[in-house]
Amino acid sequence: MKLFVLIPTVIVLHILLANVDLVDATNCKGCTPLDTYSFEKLVSKFKATLVKFDVAYPYGEKHDEFGKVADATRGVSDLLVAEVNVKDYGDKDNQDLAEKYEVKAKDFPVLKLFRREGGEPPETYKGDFKLDDIITWVKSFTGVYIGLPGCIEQFDRLAGEFMKSKSDVKKRAELLKQAKELADKGMETPKDTEYAQIYVKLMEKIVEKGDEFVKGEIARVENLRKTKVSVDKKEGLQKRLNILQAFSHDEL
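If you use mature numbering (1 follows the signal peptide of the UniProt record, and there is no 0), the sequence shown corresponds to residues -25 to -1, 1 to 227, in order.
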């Protein structure tokens, strides 16, 4: 008799645990769920919208990484980070959205970037599913400012102006002077002051060696990150790479 009581109890526990797993799997903190009815209403409200098309109950490394993107951009009012969970069974929820934007189930998860202005079709992300790579990609297509770790908005703006002023030696000198003065005043934290000095040193190197220095420096730092270095050192190198990105685009 006890055996018959135990079996249903075990089954019920399995069902409950499975439901808990599904809830956790669909919970992307900071991501806005979109469906057929809400998609156009919400996307039209933001300068840019990053949408992840995925299975009904997403999970795994890529889902977790997308959650990091939502967390890193939570203070960016011009950008909406959202999810469309597509069902291929039952009522086939959001299947129409997947078809409209040419997203195939075999490719899940798929990132699409929608821009409110210009009437252009959405861009499809084809890079590595990593926080910094995704954010750099979004910045390059939208002009929305998203500060990566190590980056400072004022200095990112100065770096962008500096790179656009390639043929104007006088303007570059003035921008370098502004950057030095800002850095010398000190930032809110000692770490930010350290990062500010990196911007200044990079500007000086570009003046000395030319714009091609940026590409070579990015390659050098990326190669260093691939070597056996400590976690702290690797994080420091990634922040240097993040800062270098400000010098590798004409616009942020």
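For every residue, glycine included, the Cβ atom is placed at its ideal position computed from N, Cα and C. Note that the coordinates shown come from a computational prediction; the quantities given were computed from them, not determined experimentally.
With 16 other Cβ atoms within 10 Å as the buried cut-off, status of residue i
i           : result
D(-5)       : Because the pLDDT of D(-5) is 39, which lies under 50, any placement of that residue in the model is unreliable, and the number read from its coordinates should be weighed accordingly. It counts as exposed.
D108        : exposed
residue 229 : An answer regarding residue 229 cannot be provided, because it is not within the stretch -25 to 227 covered by the chain.
D(-2)       : Note that D(-2) has pLDDT 41, beneath the 50 cutoff, so the model's placement of it is unreliable and the number below is only indicative. Exposed, because fewer than 16 other Cβ atoms sit within 10 Å of the Cβ of D(-2).
G42         : buried
R49         : exposed
Y100        : buried
G185        : exposed
D207        : exposed
G135        : buried
K75         : exposed
N60         : buried
V144        : exposed
Best match in the options for proximity to residue i [C-alpha to C-alpha]
i    : options              : result
E192 : K155, Q220, Y170     : Q220
K114 : P96, G94, F137, F89  : F89
Y174 : G125, P8, K203, V206 : G125
E40  : K16, G5, N60, D63    : G5
D159 : R147, Q172, L150     : Q172
Beta-ladder partner(s) of residue i, from DSSP
i   : result
K27 : E58, L86
Short Cβ contact (8 Å threshold) for residue i with residue j
i    : j    : result
V189 : S140 : no
D131 : N69  : no
A23  : L72  : no
D167 : I218 : no
K27  : L106 : no
F137 : M178 : yes
K209 : R195 : no
F83  : D29  : yes
Y170 : K203 : no
E77  : P8   : no
L110 : A45  : At residue 110 the sequence reads Ile, which differs from the Leu that was named. Result no, Cβ atoms of I110 and A45 do not sit closer than 8 Å.
Assigned secondary structure, residue i (DSSP; H/G/I helix, E/B strand, else coil)
i     : result
P96   : coil
T168  : helix
L216  : helix
D(-2) : Any reading at D(-2) must be qualified, since the residue scores a pLDDT of 41, below 50, and its modelled position is unreliable; the value itself is stated next. In the structure shown, D(-2) sits in a helix (DSSP, three-state: H, G or I).
T117  : helix
T111  : helix
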